[in-house]
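Peer 1:
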Amino acid sequence: MELRKSYFADQRKDDLHEIGQPRPRSDSPGHVTGKTAYFADRNFPGMLHLKMVRSPHHHARIRSIDTSEAEKHPGVVKVLTAKDVPHNVYTILILIQIGPEDETVLADGKVRWKGEAVVAVLAETERAAQEAAARVKVDYEVLPAVFDMDEALKPGAPIVNEYHGRNYYLYDSGECRKVRFGDVEAGFTGADHVLEQTYQSSPIEHAPTETTGCIVAPEGNGRFTCYTNTQAMFFTLDNASIILQMPGNKLHFVGGTVGGGFGGKVDVIVEPIAILGAKTTGRPVCFIYSREEEMQISSPRAAEKVVIKDGVMNDGRIVARKVTGYTDAGAYSRHSPYGAQKGAGHYPGPYTIPNVWIDTYCVYTNRTPSSAMRGFGVTIGDFALEVQMDKLARLIGMDPLEFRFINAYRDGDIKAHRQPTEGAALIECMQEASRAANWPVAEKFMAMSSYAKGV
Amino acid sequence: MAKVPVQFTLNGAEKAEFIDSGTTLLHALRDKIGDTSPKGGCHQGTCGACSVIIDGELRLSCLTLAETCNGATIATTTGLAEGGVLHPLQCAFLDAFATQCGFCTPGMIMAAKVLLDQTPNPSREDVVEALSGNICRCTGYEPIIQAVLSAARSNSQNAA
Ligand code: FES
Ligand code: FES
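Chains A and B are the protein sequences, given in the same order.
Residue numbering for the first sequence follows the numbering used here, beginning at 8 and increasing consecutively.
Residue numbering for the second sequence follows the numbering used here, beginning at 529 and increasing consecutively.
Now the structure itself:
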């Protein structure tokens, strides 16, 4: 790797001697010798195994739950249902005042997605827990379900989540997050061309090699130690404290090396119920997702739909951009209201456009709740924006890289959400990319700078 | 449930355990014997994280019943470094940045070891083929392939 210190030379005082130098990872010696300890590399005497009874329906009312057969199954120690959970309805982001609480730890009266946790079975062995879970009888009345964001937003669509009462998240700004900058309609009217395109993505599963899970050990002094592979230690501790109505000082969370996360281990799902299991049985409890659960149950990256309408001039300037983004939260909020909000801030991309209109919706459907994944809320949007940029360049017959130079944001430019641009380096990156990819652009673009104005 | 005795050699040491019939070797190694270097990523033979070497052959310990290993010689990543000196494969994984979360690493190293034991000078295609049963979600595989190739080179230099 080569480091070009000529860029921003007057802004950097440090010598950057670490950059570009290979440095061994401090955790690698543990990895290559098999000594790195992951949460599941522990074994406690008398440890119980927790298995979930899950909804086979996308949307259904629960008429009754009969756990009597499961309780009699050899090896079963405890069966937990909604009534056992002290504060059963929660939402992760309540910690930062993003409510309402809209999700159940164990389903109460209703299931809203296929795979939702209904009953937790704790047994001496994994096998006994699995067998007993199959003996829990749940009587469902199947309800109409909605899987498509457009359908969910139509009047008369089945309501997915009564805690919201409508199939979208209600922000303080209304039915969506909004950014308004300049006069987008006037921009379209004055544009040489207008191009509107729709981009859609499917949910994406992180599929970490180590599945989500935790082991909880009661310490005998009223405290519980939770060994977990969460990526969100304090979020999990604080939410567990709310759900279990236990002061945080009763909960000791121990993290460590996570066997791949990619954002998929930031939801608070396995820990509270495992702690409750340990509390009600007095025994250590292990709750680890099977590979099937990891793929089907853990939150994926949200499906998204992005509609981009641009007004562009023949000289390459984008004069108006209107973006409507839809994030499919699935049945519950988790981190999706935040993801959709990030999208609103992130559009219109790293370009300076004088007229911008952005609406981003967080939509509820009867799909697996989605949540965080590497750059959630912006990554799919970037895909859509950059494909759109190529299409616009083609529309006006301009080189796609030169087209980006013309529109690139630079220090001091006011972004659509009214923050001034600082520390921009897009132009310099594109100059390097132009050289590295042997994709020449006109000399005037190679002479541009992110912090000196004027071409 | 009646217990079944099993006895095998693990990384050069004699091991004997009573297990429930039907216990996987992965479970026996991790939870009975305490060698947690084989990892359970799927418990269904699809990820390779549980790979061990049984009598010189690469095996998925999650699909191997412990009771079928009586008298076997088993090797795991735990036993690879001799006298605290890392095996060339371990050094190569360190140098090539071939680990990130590390969860796939012990299984990868086992698969690579069997390859190099049987094919000391593998082609890139041989390496890709030998690792094709091991999933890594972090590295994108290229650093792992490079690590195995460089371990093979350093082995042949040492032999020369
Ligand atoms: S745990 Fe054995 S192949 Fe995945
Ligand atoms: S290093 Fe994480 S799965 Fe390979």
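Every residue gets a Cβ at the ideal spot worked out from N, C-alpha and C, and that includes glycine.
None of the values given here were measured: they were computed from a predicted structure.
So which residues of chain A does residue 480/B contact, with C-beta pairs closer than 7 Å?
Peer 2: Residue numbering for chain B in the displayed model covers 529 to 688; residue 480/B lies beyond these limits and cannot be assessed.
Peer 1: The beta strand (DSSP E) that contains residue 57/A, what's its start and end?
Peer 2: Segment 55–61, the beta strand (DSSP E) holding residue 57/A.
Peer 1: What do you reckon, are the CB atoms on residue 466/A and residue 99/A nearer than 7 Å?
Peer 2: Coverage of chain A is limited to positions 8 through 462, which leaves residue 466/A absent and any answer about it impossible.
Peer 1: Is it the case that the Cβ atoms of residue 432/A and residue 456/A are separated by a distance below 7 Å?
Peer 2: No, they are not a contact pair.
Peer 1: Could you compute how far the alpha carbon of residue 186/A sits from the alpha carbon of residue 591/B?
Peer 2: The straight-line gap from Cα to Cα measures roughly 55 Å.
Peer 1: Can you give me the Cβ contacts of residue 296/A inside the same chain, cut-off strictly under 8 Å, excluding the 5 residues immediately before and after it?
Peer 2: Once the five neighbours on either side are set aside, the close Cβ partners of residue 296/A are 218, 219, 220, 277, 304 and 305.
Peer 1: Between the region 158–178 of chain A and the region 195–215 of chain A, do three or more beta carbon pairs fall short of 8 Å?
Peer 2: No, the region 158–178 of chain A is not in contact with the region 195–215 of chain A.
Peer 1: Can you check the region 582–621 of chain B for any beta strand (DSSP E) of at least 3 residues that lies completely inside it and give the ranges in chain order?
Peer 2: DSSP runs (the beta strand (DSSP E)) wholly in the region 582–621 of chain B: 585–588 and 601–603.
Peer 1: For the alpha helix (DSSP H) that contains residue 248/A, what are its first and last residues?
Peer 2: Run containing residue 248/A: 240–251, per the alpha helix (DSSP H) assignment.
Peer 1: Identify the contact partners of residue 621/B in chain A, using a Cβ-Cβ distance below 8 Å as the criterion.
Peer 2: 35, 38 and 39, listed in chain order.
Peer 1: Could you confirm whether any beta carbon from chain B is found closer than 7 Å to the beta carbon of residue 266/A?
Peer 2: With 7 Å as the cut-off, residue 266/A counts as an interface residue toward chain B.
Peer 1: Is residue 462/A helix, strand or coil when you go by DSSP?
Peer 2: Any reading at residue 462/A needs caution, since the residue's pLDDT is 45, under 50, leaving its predicted position unreliable; the model's value is listed next. Three-state result, residue 462/A: coil.
Peer 1: Extract the residue ranges of the beta strand (DSSP E) inside the region 360–416 of chain A, only unbroken runs of 3 or more that lie entirely within it.
Peer 2: Whole beta strand (DSSP E) segments, 3+ residues: 363–371.
Peer 1: Any beta-carbon of chain A closer than 7 Å to the one on residue 674/B?
Peer 2: Chain A contact via Cβ: absent.
Peer 1: State the Cα-Cα distance for the pair residue 462/A and residue 454/A, rounded to the nearest angstrom.
Peer 2: Because residue 462/A sits at a pLDDT of 45, beneath the cut-off of 50, its placement in the model cannot be relied upon, and the following sentence gives the value as read from the coordinates. Going from the Cα of residue 462/A to the Cα of residue 454/A covers about 7 Å.
Peer 1: Alpha carbon to alpha carbon, how far is residue 201/A from residue 395/A? Give it in angstroms, no decimals.
Peer 2: Spanning the two alpha carbons is a distance of roughly 12 Å.
Peer 1: Just to confirm, does residue 631/B get its C-beta within under 6 Å of one of the non-hydrogen atoms of ligand 2?
Peer 2: Residue 631/B Cβ: within cutoff of ligand 2.
Peer 1: Check whether the Cβ of residue 267/A sits closer than 6 Å to any heavy atom of ligand 2, and report yes or no.
Peer 2: The answer is yes for residue 267/A.
Peer 1: So which residues of chain B does residue 81/A contact, with C-beta pairs closer than 7 Å?
Peer 2: Ordered by position in chain B, no residue passes the 7 Å Cβ test against residue 81/A, which lies about 10 Å from the chain.
Peer 1: Measure the C-alpha to C-alpha separation of residue 34/A and residue 603/B and round it to an integer number of angstroms.
Peer 2: Whole-angstrom Cα-Cα distance: 23 Å.
Peer 1: Should the region 580–599 of chain B be called in touch with the region 668–675 of chain B, which here means at least 3 C-beta pairs below 8 Å?
Peer 2: No: fewer than three Cβ pairs fall under 8 Å.
Peer 1: Which residues, in order along the region 286–297 of chain A, keep a beta-carbon less than 9 Å from a beta-carbon of chain B?
Peer 2: Correct list: 295 and 297.
Peer 1: Report yes if the CB atom of residue 291/A is closer than 7 Å to the CB atom of residue 51/A, and no otherwise.
Peer 2: Against a cut-off of 7 Å, the Cβ pair of residue 51/A and residue 291/A comes out as a contact.
Peer 1: Enumerate, from N- to C-terminal direction, the unbroken alpha helix (DSSP H) stretches of 4 or more residues contained entirely within the region 180–240 of chain A.
Peer 2: List check, alpha helix (DSSP H) in window: 191–197.
Peer 1: Do residue 666/B and residue 629/B count as a contact pair if the criterion is CB distance below 7 Å?
Peer 2: The answer is yes: Cβ separation under 7 Å.
Peer 1: Could you tell me which of 102/A, 85/A, 215/A and 149/A sits nearest to residue 126/A, measuring between CA atoms?
Peer 2: Among 102/A, 85/A, 215/A and 149/A, the Cα nearest to that of residue 126/A is on 85/A.
Peer 1: With a threshold of 6 Å, establish whether the CB of residue 32/A neighbours any heavy atom of ligand 2.
Peer 2: No, ligand 2 has no heavy atom inside 6 Å of this Cβ.
Peer 1: How would you call residue 649/B, buried or exposed, if buried means at least 16 neighbouring beta carbons within 10 angstroms?
Peer 2: Classification for residue 649/B: exposed.
Peer 1: Hey, is residue 236/A's beta-carbon within less than 7 Å of any beta-carbon in chain B?
Peer 2: Not closer than 7 Å to any Cβ of chain B, the Cβ of residue 236/A fails to qualify, so no.
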